[in-house]
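Undergrad:
Numbering (my numbering), first residue to last: 252 to 641.
1) Which residue comes first and which comes last in the alpha helix (DSSP H) that contains residue 287?
2) Which residue comes first and which comes last in the beta strand (DSSP E) that contains residue 378?
3) Can you check which of these residues, 585, 451 and 460, is closest to residue 476 by C-alpha distance?
4) Exposed or buried, residue 273, counting other C-beta atoms within 10 Å across all chains shown (16 or more means buried)?
5) Compare the C-alpha of residue 309 against each of 331, 296 and 294 and name the closest.
6) Quick one: using the 10 Å Cβ neighbour count with 16 as the cut-off for buried, is residue 373 buried or exposed?
7) Looking at chain B, is there any beta carbon in it that lies within less than 8 Å of the beta carbon of residue 257?
8) Please state whether DSSP places residue 472 in a helix, a strand or coil.
9) Is it a yes or a no for the segment 528 to 545 touching the segment 576 to 587, going by three-plus beta-carbon pairs under 8 Å?
10) Give me, in chain order, the residues of the same chain whose beta-carbon lies closer than 7 Å to that of residue 355; leave out the 5 immediate sequence neighbours on both sides.
11) Short of 7 Å in beta carbon distance, which residues of its chain neighbour residue 426, apart from the five on each side in sequence? Order them along the chain.
12) Measuring straight from C-alpha to C-alpha, what distance separates residue 467 and residue 312?
13) Nearest to residue 589 by CA position, among 579, 612 and 602, is which residue?
14) What residue ranges within the segment 312 to 350 form continuous alpha helix (DSSP H) runs of no fewer than 4 residues, ordered along the chain?
15) Measure from the alpha carbon of residue 492 to the alpha carbon of each residue in 370, 257, 598 and 276, then state which is nearest.
16) Which residue or residues does DSSP assign as beta-bridge partners of residue 623?
17) Taking only the alpha-carbon atoms, compute the straight-line gap between residue 456 and residue 473 and give it to the nearest angstrom.
18) Report yes or no: do three or more beta-carbon pairs, one from the segment 389 to 403 and one from the segment 337 to 350, lie closer than 8 Å?
19) Provide the residue span of the beta strand (DSSP E) that contains residue 451, from first to last.
20) Are the beta-carbon atoms of residue 594 and residue 600 separated by less than 8 Å?
21) Candidates 513, 532, 531 and 254: which alpha carbon is nearest residue 229's?
22) Spatial neighbours of residue 379 within its chain, please: C-beta separation below 6 Å, excluding the five flanking residues on both sides.
23) Give the DSSP-derived three-state secondary structure of residue 352 in the structure shown.
24) For a quick check, are the C-beta atoms of residue 393 and residue 299 less than 8 Å apart?
25) Can you tell me which of the three DSSP states residue 524 falls into?
26) Tell me whether the beta-carbon of residue 328 lies closer than 8 Å to the beta-carbon of residue 390.
27) With respect to the alpha helix (DSSP H) encompassing residue 541, which residues constitute its N-terminal and C-terminal limits?
28) Which residues does DSSP pair with residue 593 in a beta bridge?
29) Can the beta-carbon of residue 510 be found closer than 8 Å to that of residue 517?
30) Under the three-state reduction of DSSP, which class applies to residue 509: helix, strand or coil?
31) So the candidates are 454, 596 and 560; which of them puts its Cα closest to the Cα of residue 481?
32) According to DSSP, which residues form a beta bridge with residue 534?
33) Measure the beta-carbon distance from residue 496 to residue 622 and round it to whole angstroms, keeping in mind my assumption that it falls under 8 Å.
34) On the DSSP letters alone, give me the boundaries of the alpha helix (DSSP H) that residue 417 sits inside.
35) Return the CA-CA distance between residue 414 and residue 528, expressed in angstroms with no decimal places.
36) Going by Cα to Cα distance, which pick from 420, 575 and 501 is closest to residue 269?
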């Protein structure tokens with residue numbers, strides 16, 4: 252009997268107490284400010300109310316599940332308004348000829364059908380449609396004005412509150428999808444990480460076969476599967492951190508390092524990139540051979556040798572548009588990793604995004620080493636070799 256009743260309970264939430272508190276405070280502030288602003292906007296109009304109950308359900312999605320496809324701005328605004336319009340239409344055109352239970356069911360069912368068509372499925376939309384049917388004489392008398400004033404104002408204001416609060420508390424909203432990386436070499440091949448394991452078309456086929464609405468986007472689902480594969484690899488072959496394989500004796504540059512000096516350092520040490528550090532040894536950029544080629548205009552005219560010499564030579568004047576130091580051509584804010592980052596986390600960056608060098612920093616964000624694609628390939632080979640030998 253206990254197992255039977257426990258089967259009715261959902262699984263425990265994966266959100267920690269801090270995230271739960273963040274969502275609760277967000278809903279508190281969102282509803283409170285929406286009510287205040289909506290009242291100020293609508294107090295001199297003919298609106299029958301300034302806050303409707305289904306907006307409370309919308310707040311659950313907006314602040315507790317901001318990554319859900321059902322909580323995105325068009326889903327909230329479109330879902331609430333369109334459902335309200337469907338409900339009002341049912342009351343206006345069919346209310347006199349249908350019993351209340353059938354009218355209520357028709358309003359909710361019709362709202363769901365229209366939300367599917369308009370790609371704004373939002374669960375509180377069903378409550379919004381029902382509100383127009385059973386909301387009383389004042390709501391029914393207001394009709395379409397109730398939806399286009401009160402419901403629209405509440406929905407827009409709550410979305411604006413969610414955009415502000417979620418982004419201030421570390422949650423991207425509207426939620427940015429994890430789009431597939433374009434091939435770094437602009438060829439028709441799939442990026443390396445999808446050549447093995449599951450492919451996007453595999454996920455599409457499974458979702459089509461599943462044939463149900465999921466409260467997570469396809470792209471987020473694919474990202475979770477990819478991260479699960481990475482953790483499974485770590486469990487099977489052991490965790491190798493960046494500190495285990497990084498190069499430590501690294502030639503670096505400063506913002507004011509001359510271009511000629513930096514180029515000579517790269518040539519002398521046969522490296523393709525130099526991390527650019529400030530005096531606290533924190534990474535402020537990275538300069539690569541590609542940066543020299545692009546800023547030197549070596550693809551446009553003249554011989555490469557002559558153009559490079561002209562680019563590296565100092566102008567001899569104090570004010571010039573010509574780049575003179577590394578800081579003027581470096582890539583700012585490069586992607587970095589920490590010493591305790593598992594190397595499998597670097598695979599998508601180097602394989603799909605085209606990064607060839609990733610600076611490694613310690614817990615205080617100070618530069619301690621660098622990992623190249625060669626380091627990563629060697630480490631992955633050694634881990635598989637050790638597994639086979641065992």
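Even glycine gets a Cβ: it sits at the ideal position worked out from N, Cα and C. Please read these numbers as outputs of a predicted model, since none were measured by experiment.
TA: For this structure:
1) 268 to 293
2) Unbroken run through residue 378 is the alpha helix (DSSP H), 375 to 385; no beta strand (DSSP E).
3) Restricting attention to 585, 451 and 460, the CA atom closest to the CA of residue 476 is found in 451.
4) Burial of residue 273 is indicated by the presence of at least 16 other C-beta atoms within 10 angstroms of its C-beta.
5) 331
6) buried
7) In the structure shown, chain B cannot be found, because there is only a single protein chain.
8) helix
9) Yes, the segment 528 to 545 touches the segment 576 to 587.
10) 381, 384 and 385
11) Closer than 7 Å at the Cβ level, and outside the excluded window around residue 426, lie 317, 318 and 323.
12) 12 Å
13) 612
14) 324 to 345
15) The option with the nearest alpha carbon to residue 492 is 598.
16) For residue 623, which the question treats as bridged, DSSP gives the partners 608.
17) 13 Å
18) By the Cβ test, the segment 389 to 403 is in contact with the segment 337 to 350, since at least three Cβ pairs between them sit closer than 8 Å.
19) First-last for residue 451: 451 to 461, but that is the alpha helix (DSSP H), not the beta strand (DSSP E).
20) A distance of 8 Å or more separates the beta carbons of residue 594 and residue 600.
21) No statement about residue 229 is possible, as the shown extent of the chain runs from 252 to 641 and does not include it.
22) 305, 331, 334 and 335
23) helix
24) yes
25) Here residue 524 sits in strand by DSSP.
26) no
27) 540 to 546
28) Note: residue 593 is bridge-paired with 492 in the DSSP secondary-structure output.
29) no
30) strand
31) 596
32) In the DSSP output, where bridge partners are listed per residue, residue 534 has 528.
33) 6 Å
34) 403 to 419
35) 35 Å
36) Of 420, 575 and 501, the residue nearest in Cα terms is 420.
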